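Peer 1: Have a look at the structure that comes next, please.
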Amino acid sequence: MTKYIIRRLLQTIPVLIGVTILVFSLMHLVPGDAAKIIAGEGASDQTVENIRERLGLNDPLYVQYGTFVGNAVQGDLGSSIRSGRPVMDEIGARFWVTFELAFYSTIVAVFLGLIAGIISAVRHYTLTDVTVMIIALFGLSMPNFWFGLLLIQWFAIGNWMPESLEFLKMRPSGWGDDWRQVVLPVLTLGTGGAAIIARMTRSSMLEVIGQDYIRTARAKGLTERIVVYRHALKNALIPVVTVVGLEFGGFLGGAVLTETIFAINGMGRLTIDAIRTRDFPMVQGTVLVISVLFVVVNLLVDVSYRYLNKRIDLN
Amino acid sequence: MAKQELLKVEGLKQYFPIKGGFLGRTVNHVKAVDDISFTIYEGETVSIVGESGCGKSTTGRSILRLEEPTEGKVEFQGVDLATISKRQMRDYRKDLQIIFQDPYASINPRQTVASVLNEAMEIQNVLPANKRRARIEELLETVGLLPYQADRFPHEFSGGQRQRIGIARALSVDPKLIICDEAVSALDVSIQAQVLNLLEDLQEQYNLTYLFISHDLGVVRHISDRIIVMYLGKIVEIADKHSLFENPQHPYTKALLSAIPVPDPDKKKERIVLKGDVPSPIDPPAGCRFHTRCPFATDKCRTEEPKLRTSDLMKEGHEAACHYMEEISAGAMQPNY
Amino acid sequence: MISKDNVLEVRNLQTSFSTDKGEVRAVDGVSFDVPKGKTIGIVGESGSGKSITSLSILRLLAENGKIKGGEIRYKGEDLTKVSEKRMRELRGNEISMIFQEPMTSLNPVYTVGQQISEALISHQGMNKKQAMVRSVELLKLVGIPSPEKRVKAYPFELSGGMRQRVMIAMSLACDPEILIADEPTTALDVTIQAQILELIKDLQERLGMSVIFITHDLGVVAETCDYVAVMYAGQVVEYSDIRTLFKQPKHPYSIGLLNSLPRHDIDQEKLMPIKGNVPSPHEMPTGCRFAPRCPAATDLCRAKMPELMTDDSGNQIRCWIYSDEWPGEKEVNVYGETRIAKG
């Protein structure tokens, strides 16, 4: 297992190199001269030249790339053009907000998804199954931003909200210290994920329940509860784990819309704002961090997959 | 009449690389077939028997170059099939056909029987298009199906009938040699007997040569003239049918024969139950590959690989690869179970 | 029949499956006895209903399958009627089962020890530790080398033969009265098959259980069974002691089956196959189900299904030849062999 983890870690190196090259090229792929854009309209040639010198844009590309990677590895992603603060600090301030959102959303998704999936599988082809799966289909088809807006409409703006749910109301300041404000955005993100997990769990469970070893378990005289939860579920969860991991990664990098709708100052909004204001170092920084996170999450998913699925030859 | 050589296999090796490590290098090989030689004469049936992983199916596939052989010669009527170009090989596929265990897997389920057979003939260009339909119906009758079934789809047939379709397809190009790879293994006994009889009749009718690959020694005894016993990629014994069943020399052959249950409750025989499992073909034992399970194994067996050889005990053409055939027969060695 | 000391008696069992094409009666009137401490074989080709029969005994049928009629009497209880709870008490405890595919019959995510322990914990009230100790003993009993180590192994770490030994250990955990072995050696190589057959025989002698051996291999039947039921198209066509079946088979299907078998121990000129195919379960013949393929079939055979009749020696046969109503010749030629009709 340790050997596998080491090998898998080594395999992420080429991926990370690819990511840095892509991110690095961002700066050079934008039309026009990056230094000019940074300097702003009407800046003197001297200013532009100074910026160019400061950013090292006159060096050969490979030197620039080397510097970029060297700095990135040490946690230096340059400074934001807009605020002048180090990119890493800005990201650091926002990262945990997004992480929390993604984390809670994943928990909601897993919780709802598993329950729905198992119920559906155990009672397959009954009315319960069909109902649950139709709801899941809704959850899957409904775009996040739409569902988020609906939630706001119902709970926050609508005047019919009961007193006890007042806390759900959005505050003008957006994401605050009150944990209860997490509820709506987490529901928005989590339900979509729950739908995917529910469908995955159901099909996976149905496949497993048809396996020979389930018949063996029944032949031992075990109760149906033990057969389903001990023998079937653990096997059925193996493919589900992959989906959960990918969803978590997706939430981390893809909560942009949800963050925007609920005015949450997370990584997604930071990225959007950076793009809007052409804050290149910031764009580079956020894209790089999100990509690295994705790679790490994938790695964790693979490792846990291996752990769960001991049938895979570890060599 | 002198026997005419049809297929001569010499030093055939088939190694499959195992990829591994960080860069997916080849870290080892599965030595599925490891240096085997034998000859098949025209009009006879030679069987290869052995347990799973012995390399019998791979041998068949290598001869047809469905796998590219790693080493060795496969001479068909004097031409080395292992070295000719793929284009030339395509012409030879007309002469060498194969029937698989599950014909359903090798037949396109969306094609009717007629179009399956037609396609086979078209590829090999055996008959002008306008004469093919008549030939298809004739072929179906030959294999015991009815002409009107030509326009049916494979799923409309039972397992035994599908195997007949597989045989008809092989026959459609007038082959000289047919490799039957576990061709009757999936069939029920009553149907299996029908197909075996059909294969025998066809052999007589068309002077076919069969290479019959099977794990079922009952079937093999029934259909073969000569038999090759394989173990872990090597030939351990080769003999005509009677010598092999009545006078087996290799300890593995003896164990294999004694292990098969006899459908006769009165025949209580001494059974040699081998210890353990077949070792992995990735890292086969040194010396004699059977030594890990052989009740007679000595230090010599563990280090020195026995070559196929004959002895005074055996009829002509009977060879076995064991250092101690004579001693074992004379009772000079005691088995250690 | 022969002995009154039967642990299990199956009477006129009927099991159906609902399919897209309508109801299929996979088992239709199966009767046989399992004498105490003996091995009975159920032999038949694919689609004969032999596996469904064994699954019916333990009520482990797929969801679309249902026992429609008949009785399965075990120690005074009718297993077709007892509660699901009672059935669970019996499964794996008094009646246990091993299956054809040792590769897929063990749960890949639990160790061998955990899987053997389960039955001990649920039926014998052992705690985990006791169950593990007993698991090691059981692995030793079935001849697995270094059982203390193997008890912690996952199924993928074992060969096919070893897994089948584990399955056997698991089925023996609670000292069952009856072991049902459904094609236990079909997926194994012949030298490994020999090991497993020896093991089952040896264990049966030592533990005194009854074994129901389901197989398509007549050689395996001849070597392991005391009695045998031959099944064809969902019915038992002949039930007799092993010597009678192999030396003097009565039913034309049994005769045909034995004549179709290529033998490795003797020379045969030409095989004498049974013509035609097994009838589709959707279109069963109205009379005797073997009549369309039978070389001796008469109009009576095609019109009316024969009952399973018991002869003087206690053997049972489902064929008109041996009834008083037989309309044909006294000497009947069946696949080159002569049988004397009763009438």
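Chains as they are written, first to last, in the working numbering: chain L, 658 to 972; chain W, 310 to 646; chain Y, 3 to 345.
All residues carry an ideal CB built from backbone N, CA and C; glycine is no exception.
These figures come from a predicted structure and were not determined experimentally.
#1: With a 10 Å radius around its C-beta and 16 neighbouring C-beta atoms as the bar for buried, classify residue 88 of chain Y as buried or exposed.
#2: Secondary structure at residue 254 of chain Y, three-state DSSP: helix, strand or coil?
#3: Checking the sheet assignment: what are the DSSP bridge partners for residue 347 of chain Y?
#4: Report the option in W:525, W:566, W:610 and W:380 whose CA atom is closest to the CA atom of residue 410 of chain W.
#5: Using 10 angstroms around the beta-carbon of residue 533 of chain W, count the other beta-carbons present and answer buried if the total reaches 16, otherwise exposed.
#6: At the level of alpha carbons, what is the spacing between residue 567 of chain W and residue 891 of chain L?
#7: Under three-state DSSP, which class holds residue 108 of chain Y?
#8: Within 8 Å, do at least three Cβ pairs link the stretch 532-546 of chain W to the stretch 559-575 of chain W?
#9: At what residues does the beta strand (DSSP E) containing residue 623 of chain W begin and finish?
#10: Counting only beta-carbon separations shorter than 8 Å, does residue 569 of chain W have a partner in chain Y?
#11: List the residues of chain L that residue 93 of chain Y touches, going by C-beta distances under 8 Å, in chain order.
#12: If we count the other Cβ atoms within 10 Å of its Cβ and call it buried at 16 or more, is residue 437 of chain W buried or exposed?
#13: On the CB-based measure, 16 or more other CB atoms within 10 Å of its CB, does residue 629 of chain L come out buried or exposed?
#14: Below 8 Å, how does it come out for the stretch 12-22 of chain Y and the stretch 70-78 of chain Y: are there three or more Cβ pairs, yes or no?
#15: At a Cβ threshold of 8 Å, is residue 786 of chain L touching chain Y?
#16: Give me the Cα-Cα distance between residue 641 of chain W and residue 551 of chain W, rounded to the nearest whole angstrom.
#17: Against residue 859 of chain L, what residues of chain Y qualify as contacts under a CB-to-CB distance less than 9 Å, listed in chain order?
#18: Could you confirm whether any beta carbon from chain Y is found closer than 8 Å to the beta carbon of residue 886 of chain L?
#19: May I ask you to report which of helix, strand or coil DSSP gives residue 942 of chain L?
#20: For the beta strand (DSSP E) containing residue 489 of chain W, name the first residue and the last one.
#21: What three-state label does DSSP hand residue 860 of chain L in the structure shown?
#22: Identify the contact partners of residue 530 of chain W in chain Y, using a Cβ-Cβ distance below 9 Å as the criterion.
#23: Short of 9 Å Cβ to Cβ, which residues in the stretch 502-513 of chain W face chain Y?
#24: Quick one: what does DSSP say residue 207 of chain Y is sitting in, helix, strand or coil?
#25: Between the stretch 418-426 of chain W and the stretch 452-467 of chain W, do at least 3 Cβ pairs fall closer than 8 Å?
#26: Once the 5 residues before and after residue 9 of chain Y are set aside, which same chain residues still bring their CB inside 8 Å of it?
#27: Between the stretch 225-242 of chain Y and the stretch 466-478 of chain W, are three or more C-beta pairs nearer than 8 Å?
#28: Measuring only the C-alpha atoms, how far is residue 119 of chain Y from residue 954 of chain L?
#29: Note down the Cα distance separating residue 315 of chain W from residue 875 of chain L, rounded to an integer number of angstroms.
#30: Report the neighbours of residue 959 of chain L on chain Y: residues whose CB is nearer than 7 Å to its CB, in chain order.
#31: Where residue 934 of chain L and residue 752 of chain L are concerned, what is the direct C-alpha to C-alpha distance, given to the nearest angstrom?
#32: Under 8 Å, do residue 306 of chain Y and residue 326 of chain Y count as touching if we go by C-beta distance?
#33: Buried or exposed, going by whether 16 or more other CB atoms sit within 10 Å of the CB of residue 591 of chain W?
#34: Quick check: the stretch 40-53 of chain Y against the stretch 491-506 of chain W, are at least 3 beta-carbon pairs closer than 8 Å?
#35: Could you work out which residue in Y:321, Y:319, Y:200 and Y:300 is closest to residue 569 of chain W when comparing CA atoms only?
#36: Pull up the distance between the alpha-carbon of residue 144 of chain Y and that of residue 204 of chain Y, whole angstroms please.
Peer 2: Let's see:
#1: exposed
#2: helix
#3: Lying before the first or after the last residue shown, residue 347 of chain Y is absent from chain Y, which here runs from 3 to 345.
#4: W:525
#5: buried
#6: 43 Å
#7: coil
#8: yes
#9: Looking at the DSSP string, residue 623 of chain W is not in any beta strand (DSSP E), and its letter there is neither H nor E.
#10: yes
#11: 875, 876, 877 and 878
#12: exposed
#13: Missing from the structure shown is residue 629 of chain L; chain L here goes from 658 to 972 and no further.
#14: yes
#15: no
#16: 25 Å
#17: What residue 859 of chain L touches in chain Y: nothing, since even the nearest Cβ is about 16 Å away.
#18: no
#19: helix
#20: 486-490
#21: helix
#22: 264, 265, 266, 267, 268, 269 and 270
#23: 502, 503, 504, 505, 506 and 509
#24: helix
#25: yes
#26: 36, 37, 38, 76, 77, 179, 180 and 212
#27: no
#28: 36 Å
#29: 56 Å
#30: Residues of chain Y passing the Cβ test: none, with the nearest at roughly 17 Å.
#31: 20 Å
#32: no
#33: exposed
#34: yes
#35: Y:200
#36: 10 Å
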